[in-house]
Amino acid sequence: MASSRVRVYQYLPFLEDAGIRCFVMSMVRKPAVAGMKPSFWKGIRILMGRIVKYLKIGYYCLVCDVVLIQKVLFPVWRQNLIRLLNRNLVFDFDDAIYLSGPLEALHRKGVREERVCHLLRICRCVIVCCEHLRSYSRPHNQNILMITGPVDCERYVPRKQREENGKLIIGWIGTPNTTPYLEPLIKVFAEIERNYPQVAIELIGASPLKGICQAVKIVEWSFAGELDHLHRFDIGIMPLWDNEQSRGKGGYKLLQYMAIGIPCVASPVGINSSLIQEGVNGYLADSEEQWYEKLARLIENQALREAMGARGREIAERDYSLRVSAPKMAEYLKRIG
10 MASSRVRVYQ YLPFLEDAGI RCFVMSMVRK PAVAGMKPSF WKGIRILMGR
60 IVKYLKIGYY CLVCDVVLIQ KVLFPVWRQN LIRLLNRNLV FDFDDAIYLS
110 GPLEALHRKG VREERVCHLL RICRCVIVCC EHLRSYSRPH NQNILMITGP
160 VDCERYVPRK QREENGKLII GWIGTPNTTP YLEPLIKVFA EIERNYPQVA
210 IELIGASPLK GICQAVKIVE WSFAGELDHL HRFDIGIMPL WDNEQSRGKG
260 GYKLLQYMAI GIPCVASPVG INSSLIQEGV NGYLADSEEQ WYEKLARLIE
310 NQALREAMGA RGREIAERDY SLRVSAPKMA EYLKRIG
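Each position in the sequence shown, counted from 1, maps to that position plus 9 in this note's numbering.
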């Protein structure tokens, strides 16, 4: 999961260097089991796997100084059991995970929020990615650390040079689940195609979109190929709907764009309004007209793109880089443990 990669795994070398020994347990079911056809033996394997996993959790809760729960919503009784074994609990989350999904059964409505609120109350401290989640957490826990991202500015670096006579690329990176945020821009993409034939639009990790123009290309995401695809971008975009789900997002794709030194255009929702300094490292747009106007402004002015991209890189390195955030995380965990 992208969240675990950004909020946990990339910290590990820094934490080890700071003298913090880390043990990581993934709660994601192994593909070999998830892909099995329903059967008695699959049920046995799942049950045995869970027993072993929870025995390991219990062991680590007993022997470790701090237990960090990253975005996992255990049932309340299991949360209480974990706290009984280790009182130094830390809860990290970077999304509005307290919201019920549209397909959840009626009797399950509110379960997610109940679990989140209980976990917030029993933890020693909470780590969030944005001001909206900090405000949500504050009634339940006053000990809150906000770390946005972070982005590894040693991995995400500006490209060395732009390909001469190549297409100018407007790019987006996301997942099939976040693809619907692009739907309000379908007409904008078509207008750009009509007026700027030198422009192409690349969507990394998106699922198919109905009604998109020929200028739009959907690219499969992979960790190995991610940076090469991002380096093709000249402008990065992050459209969002203005709702509770969007307001809880951490703006990570904007940090990726800033780190590789390209300007951004984003919806003025949640943390986007803090990450984007209007006219400095990008633009905010909340209508089709504004999206077209601000993308056109960047398409037509290479010097502006380069200046905004350079400023975005400076901001990413100074405020949101892994090298800046990792010492804060290490100090915080040591203080708790």
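Don't be surprised by glycine CBs; every beta carbon is placed ideally from N, CA and C.
Check: Of the listed residues 225, 59, 72, nearest to residue 83 (C-alpha basis); Outcome: 59
Check: Three-state secondary structure (DSSP) of residue 63; Outcome: helix
Check: Residues near residue 11 in its chain [Cβ-Cβ closer than 8 Å; skip 5 each side]; Outcome: 184, 261
Check: Pairwise C-alpha distance: residue 186 and residue 180; Outcome: 17 Å
Check: 3-residue-minimum beta strand (DSSP E) runs that sit fully inside the region 188 to 213, ordered along the chain; Outcome: 208 to 213
Check: Segment limits, beta strand (DSSP E) that includes residue 292; Outcome: 291 to 293
Check: 7 Å Cβ cutoff met for residue 103 and residue 16; Outcome: yes
Check: Exposure of residue 68, with buried meaning 16 or more beta-carbon neighbours within 10 Å; Outcome: exposed
Check: Alpha-carbon spacing of residue 256 relative to residue 137, whole angstroms; Outcome: 13 Å
Check: Cβ contact check for the region 284 to 302 and the region 230 to 238: 3 or more pairs under 8 Å; Outcome: no
Check: Selected residue, minimal CA-CA separation from residue 253, among 242, 302, 108; Outcome: 108
Check: Spatial neighbours of residue 209 in its chain, beta-carbon cut-off 6 Å, leaving aside the 5 residues before and after; Outcome: 176, 178, 224
Check: Environment of residue 290 [buried if 16+ CB atoms lie within 10 Å]; Outcome: buried
Check: Exposure of residue 52, with buried meaning 16 or more beta-carbon neighbours within 10 Å; Outcome: exposed
Check: Beta strand (DSSP E) runs wholly inside the region 203 to 263, at least 3 long, in chain order; Outcome: 208 to 213, 225 to 228, 244 to 247
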